[in-house]
Every structure is written in structure tokens, then in C-alpha cells.
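In the numbering used here, the protein residues as written are 7 to 374.
Ideal Cβ positions, reconstructed from N, Cα and C, are used throughout, including at glycine.
The block underneath contains the structure these notes are about, expressed in C-alpha cells.
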């Protein structure tokens with residue numbers, strides 16, 4: 007990863023201590039967030055496996071998406087992540103394309119190329135539940151990356167009913183939700199559900215009591231911005247109510263294939279909400295391009311500090327043969343416009359040195 011010289015180091019969010027015990031002094035973690043890799047594979051299967059919603063997804067892949075989501079971009083991402091000083095990686099869903107059994111097997115290998123299951127946490131997205139599938143032929147391949155602490159080697163899990171999962175890593179409590187549910191053709195909405203919402207509330211309160219920095223992971227954006235009804239989180243308002251009551255320090259999502267940052271109110275201040283574009287996407291007409299985010303989280307006298315870096319793919323030389331693209335070179339570089347203090351939960355009048363700046367990729371900063 008080649009850092010841009012003009013990208014200064016700056017705190018994004020400085021929140022007062024959450025929970026009676028406060029942060030655990032001396033701990034610092036760098037958390038990498040990526041999403042929606044849509045790992046390119048040779049899609050195909052037995053004819054009867056395609057007589058459902060998959061045929062629409064297959065045609066979309068062959069006619070359009072195969073030129074957008076590139077293995078070369080994912081290779082550059084893995085290489086540059088390995089070179090970064092990262093403590094943990096989270097992947098917020100849409101790892102496969104049309105939920106073929108072969109896709110889950112192959113993408114498990116891709117996940118292992120990023121790191122060990124202890125160092126990589128996964129939550130599923132709508133493409134990972136494109137059609138109804140048995141656990142054994144789908145998420146079983148990823149179970150080591152989706153198992154919460156203390157879950158052991160339980161047979162047949164984790165299934166949807168086993169979420170939320172909780173993983174404690176240093177000063178962080180990673181709380182993963184499953185919003186992935188099979189939907190009708192033309193729809194890609196998600197749902198948390200009452201059971202997970204109750205579990206989320208309990209997990210957030212327990213982690214706060216232990217003075218941990220609480221990171222909530224889900225695929226669908228939890229805000230009330232103008233996401234089409236067919237693509238939104240159906241119970242986003244209920245999710246926001248849990249955050250308002252129990253609080254969180256950070257919320258990470260994917261799904262929209264675009265950069266987004268905002269905030270959700272909590273009982274002791276607002277939590278920053280980050281959406282990251284697809285990890286495999288070439289530059290798109292809407293200005294989006296593949297990204298991963300690096301969040302450096304550390305205790306500070308007033309609670310926690312978050313320093314965020316946006317690393318975006320920059321294409322290099324293209325190899326072609328007979329007019330057809332064969333290989334795309336490139337690397338991830340830090341955005342030249344550093345995000346600074348976009349969430350000001352404890353700064354009603356922010357000091358001059360914490361004035362907000364515009365976000366990259368021409369995507370407006372908004373309250374979600």
C-alpha cells in the first residue's frame with residue numbers, strides 16, 4: 007500500500023468513556039474493514055440448480071458484473087493488506103455471487119488468504135443467501151470465520167439463529183449480525199429479527215460493562231437514508247432503537263457498493279457508521295471504486311480515539327490480447343482527502359483543529 011503524502015494523520019472520533027469501567031488502558035488495535043468482494047468464480051452448475059433466482063444473477067454476472075468485479079483487484083487488496091500493520095480484518099458480507107455450493111468452497115480459500123479464522127471475522131450478506139440453502143452446502147465452509155468466542159465446535163453452526171456472534175479481540179468486542187435472508191427475484195433486502203435484536207442489546211450492554219470498544223458488524227446499512235425499499239434493512243428502525251438504548255462505539259456495513267459515513271445516536275453520544283464500497287470493484291461511473299478502511303482504535307483520556315484511513319484502488323497498466331482485457335495491474339493507496347471528525351458526539355462545538363472535511367469519491371457525508 008502506497009500512502010499519499012498529502013493524507014495527514016487525524017482523529018476521526020473521540021468519544022467519552024462508555025460503560026462504568028471505561029476503556030482498557032494500553033490497548034491499541036488496527037481494524038481493517040472490507041465488504042462485498044463478490045469473489046470472481048467460474049459460475050455454473052447443474053441445470054436444475056439454476057431454475058430459480060440464480061439464473062437472473064448468472065445473467066447479470068455474465069453480461070455486466072464480470073467486468074466490474076475483478077480477481078486482480080482482490081489480489082492487490084490481499085497483498086496490500088498483508089503489508090499493512092493490521093490486527094484484525096472484518097468482512098461484512100456478499101462474498102459469493104449466486105450462492106452456488108462451489109462458490110462457498112472456493113471463497114473459503116480466499117478468506118484464508120487474508121488470515122486465520124482467529125484474525126478474520128465474517129458476517130453474511132444477501133448474495134450469501136441468494137436462495138435457500140442447507141447449512142452444509144453453504145455457510146459450513148466459513149464456519150470458523152463466523153464462530154463466536156465460547157461457541158466451541160458445535161455441529162451444524164453457526165446458523166442464522168446463532169447470531170449475533172461476539173468475538174473479543176484486545177480492547178474490541180466485535181458483535182456480528184446476520185441480515186442475510188433469501189428474497190424474491192429483484193429484491194435484496196435484509197432483516198435482523200427480534201431474536202438477534204435482543205441478543206444485540208445484551209451483547210452491547212455486557213461489553214460496555216467490561217469497558218470494551220463495541221463494533222457492530224452487519225451487511226445492510228442501518229440508516230434511514232434513501233435506500234430503495236427492495237434493498238433496505240426492513241427493521242432498521244428497531245436496530246437504531248437498540249443502539250439508542252444500549253450504545254455502540256462503531257458500526258460497519260457494506261451492501262451499497264459506495265463509501266458512506268454517518269452516525270447513530272446512543273445514550274452517551276453518537277456512534278460512527280461506516281459503509282465501504284465493494285472490495286473488488288473497478289472504477290465505476292458513479293465515482294465509486296474498490297476500497298478497504300483501516301481504523302486505528304486506542305484509549306485516550308476522554309474515552310476512545312479512532313483514526314481512519316481510506317485505501318482506494320488505483321488501476322495501473324492493463325494487459326490485453328486481441329482487444330480483450332487479460333490482466334489489470336494496480337494497488338491500493340490512501341485517499342488524499344483524510345476523513346476528520348465526521349462524527350462529533352462529544353463536541354457540540356468542535357475545536358478548529360477538528361473541523362470536518364469532505365469525504366472521498368464524491369459521496370456526501372450524511373447522518374444515517
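Practice item. Using beta-carbon positions only, say whether residue 336 and residue 79 come within less than 8 Å of one another. Key: Your numbering for residue 336 matches position 330 in the chain shown. Your numbering for residue 79 matches position 73 in the chain shown. Contact: yes.
Check your understanding: For the stretch 85-109, which segments carrying the beta strand (DSSP E) assignment without a break, of at least 3 residues, lie completely within its bounds, in sequence order?
Key -> 94-97
Point to revise | Classification of residue 267 by the beta-carbon crowding that lies within 10 angstroms, buried from 16 upward | key: What you label residue 267 is simply residue 261 of the chain shown in a count that begins at 1. Per the 10 Å Cβ criterion, buried.
Check your understanding: Okay, do the stretch 169-189 and the stretch 220-228 touch, 3+ Cβ pairs below 8 Å being the bar?
Key -> yes
Check your understanding: Would you call the CB atoms of residue 38 and residue 300 closer than 8 Å?
Key -> Your numbering for residue 38 matches position 32 in the chain shown. Your numbering for residue 300 matches position 294 in the chain shown. In contact: residue 38 and residue 300 (Cβ atoms closer than 8 Å).
Review point. Within the present structure, is the beta-carbon of residue 185 separated from the nearest heavy atom of the ligand MN by less than 7 Å?
Key: What this structure holds is no ligand at all, so the ligand MN is not there to describe.
**Study point:** Own chain residues within Cβ distance below 6 Å of residue 194, not counting five before or after
**Key:** Position 188 of the chain shown holds residue 194. The residues are 132, 237.
Review point. Which value, in whole angstroms, describes the spacing of the CA atoms of residue 288 and residue 82?
Key: Stepping through the chain shown from its first residue, residue 288 is reached at position 282. Stepping through the chain shown from its first residue, residue 82 is reached at position 76. Near 12 Å, if we compare the C-alpha coordinates of residue 82 and residue 288.
Review point. Taking the Cβ atom as the reference point for each residue, do residue 174 and residue 155 lie within a distance shorter than 8 Å?
Key: Here the question's residue 174 lines up with position 168 in the chain shown. Here the question's residue 155 lines up with position 149 in the chain shown. In this structure, residue 155 lies closer than 8 Å to residue 174 by Cβ.
Check your understanding: From residue 245 to residue 85, what distance separates their C-alpha atoms?
Key -> Counted from its first residue, the chain shown places residue 245 at position 239. Counted from its first residue, the chain shown places residue 85 at position 79. Answer to the nearest angstrom: the Cα atoms are 35 Å apart.
Point to revise | As assigned by DSSP and simplified to three states, the class of residue 120 | key: For this step, residue 120 is matched to residue 114 along the chain shown. The answer is helix: DSSP assigns residue 120 an H, G or I state.
Review point. How far does the beta strand (DSSP E) with residue 61 in it reach, from first residue to last?
Key: As a first step, residue 61 is located in the chain shown; it is residue number 55 there, counting from the start. Taken as a continuous stretch (DSSP letters only), residue 61 belongs to no beta strand (DSSP E), being part of the alpha helix (DSSP H) at 60-69.
Practice item. Determine, using beta-carbon pairs with one atom in the stretch 91-102 and one in the stretch 122-138, whether at least three such pairs fall under 8 Å. Key: yes
Check your understanding: Under three-state DSSP, which class holds residue 31?
Key -> The residue given as residue 31 occupies position 25 in the chain shown. Low local confidence applies: a pLDDT of 43 at residue 31 is under 50, so the model's placement there is unreliable, with the coordinate-based value given in what follows. Looking at residue 31 - three-state DSSP - the assignment turns out to be coil, as it is neither helix nor strand.
**Study point:** Rounded separation between residue 65 and residue 103 - CA only
**Key:** If you number the chain shown from 1, residue 65 lands on position 59. If you number the chain shown from 1, residue 103 lands on position 97. Rounded to the nearest angstrom, the two C-alpha atoms are 11 Å apart.
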